[in-house]
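For the sequence shown, the working numbering gives the first residue as 21, with consecutive numbering after it.
I have placed the structure first, in the form of structure tokens, so that the comments after it can refer back to it.
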Amino acid sequence: MIDSGFYQATRTGTPQGGVISPVLANIALHGLEHHILKAFPKRNAPNVIRYADDFVILHESLEVIKRCKNLVVEFLRPIGLDLKETKTRIAHTLESHEGTRGFDFLGFTIRQHKVGKYKTGKVCGKPLGFKTIIRPSKAKVKAHAREIGEVIKSSKAATQAKLIARLNPIIRGWSNYFSTACSKETFNRLDAITYWHLVRWANRRHPQKSKRWVARKYWHRHGNRSRSFMTSDGIMKLHTDTPIKRHWKVFKSRSPFDGDWVYWSSRRGTYPGTPRAVSFLIKRQNGVCPRCSHYFGSQDQLEVHHVDQDRSNNKRDNLCLLHKVCHHQTHGMYSRQELKQRGAV
21 MIDSGFYQAT RTGTPQGGVI SPVLANIALH GLEHHILKAF PKRNAPNVIR YADDFVILHE
81 SLEVIKRCKN LVVEFLRPIG LDLKETKTRI AHTLESHEGT RGFDFLGFTI RQHKVGKYKT
141 GKVCGKPLGF KTIIRPSKAK VKAHAREIGE VIKSSKAATQ AKLIARLNPI IRGWSNYFST
201 ACSKETFNRL DAITYWHLVR WANRRHPQKS KRWVARKYWH RHGNRSRSFM TSDGIMKLHT
261 DTPIKRHWKV FKSRSPFDGD WVYWSSRRGT YPGTPRAVSF LIKRQNGVCP RCSHYFGSQD
321 QLEVHHVDQD RSNNKRDNLC LLHKVCHHQT HGMYSRQELK QRGAV
């Protein structure tokens, strides 16, 4: 602890993983990026990405990376910190370096792959000869599959409904976190692993019954899906139910506290003080009014429109958001099919 400029040793502190640990990490490492960038000319500066106490430094030159490592050590020394060698490594995302390619960061594996001219990434129209693919890391996939297996194994005496209630939050949370990466193949593989765990769980409960009888008891048709692990109370969520959506980078000047409720509603689907239905519709419509095809503004007056003209029908597929003027002009002018084509439904 530092009090009035003097260091005092303390026997207690905040454990790693505590609720305030990320805040303290941000305070301690504040200024690290600036310390590194000011040592290089702007045209040759590395990219520094930091999340709490985890950070990555990117540059095409190995010499620059090694110099950055020394700068980090130099920055940490006055505050009594040091790099942990077991968690610090230098890697190349395209070529093999020390026997490996790519690196893991925040549960994701970042790698670049050589491809042909029709699939290559481009910078200013110039083909690079490779493309970057970000996937869930193998360690995170194994840990998640192990967690699902342990939950199912520990629920031998639980009912099907209780098992579904335990699995759904785990699957939903993990899938949402990795939904911005190239995770479709991983989701399919995890669904297959989960399925076979459930098959063993179901067969164990009825050792005297045939596998066909067990399948008919626990798996049923639901919508377009012929085999869904479900009860009359609910259905088990699959990893593949989560759509893949690429991350939409926040503009440098944006803040959740800047009052631009339209921007944050279209990004997150929620905003304090904004009705949840309005925020949902803004996000579904990508912030665009289907009547005039113009973007909503934070100063615009917006109204919820009932597509079938029935104000008692508040189902989400019957609602769309319009400018106030557009709402007044819309009644009787557009059919449900036309609004659907414009992206309102």
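Glycine is no exception: its CB is placed at the ideal position from the N, C-alpha and C atoms.
Contact annotation: E323 and H351 have beta-carbon atoms that are not nearer than 8 Å. Ranked by Cα distance from I172, the options I191, I47, I154 and A159 are led by I191. Around the beta carbon of T214, 16 or more other beta carbons lie within 10 angstroms, which makes this residue buried.
Below 8 Å, enough C-beta pairs join the stretch 251–266 and the stretch 190–206 to call them touching: three or more.
If you ignore the 5 residues before and after I85, its C-beta comes within less than 8 Å of the C-beta of P66, I77, H79 and I110, all in its own chain and listed in chain order. Between the stretch 271–291 and the stretch 214–232, the count of Cβ pairs shorter than 8 Å is below three; the stretches do not touch. Contact between the stretch 130–146 and the stretch 87–98 is absent, with fewer than three C-beta pairs closer than 8 Å. D74 sits close to L126, with the two beta carbons spaced by under 8 Å.
In the three-state DSSP reduction, T129 falls in the strand class (E or B).
A distance below 7 Å between beta-carbons, with the five flanking residues on each side excluded, links F316 to the following residues of its chain, in chain order: V282, I302, G307, C309 and L322.
For T152, the pairing in a beta bridge is given by DSSP as Q132. Between W239 and the set S252, Q228 and P227, the nearest pair of CA atoms involves S252. H112 is not bridged by DSSP to any residue.
With a cutoff of 8 Å on beta-carbon distance, I168 and L187 are scored as near each other.
Bridge partners of V143 according to DSSP: K146.
Annotation: N334 to R311 spans about 20 Å, alpha carbon to alpha carbon. Y71: member of the beta strand (DSSP E) spanning N67 to Y71, first to last residue. The C-alpha of R296 is placed about 29 Å away from the C-alpha of I40. Y291 is classed as buried because its beta carbon has at least 16 other beta carbons within 10 Å across all chains shown. Cβ-Cβ distances below 7 Å link N208 to T260 in the same chain, with the five nearest sequence neighbours on each side left out; the list follows chain order.
Contact check for D124 against S175 fails: the beta carbons are separated by 8 Å or more.
Taking C-beta separations shorter than 6 Å and ignoring five residues to either side along the sequence, the partners of S286 in its chain run I302, K303 and G307, following chain order. Judged by beta-carbon spacing, V234 lies beyond the 8 Å limit of H242, meaning their Cβ atoms are not closer than that value. Here DSSP, grouped into helix, strand and coil, assigns S248 to strand.
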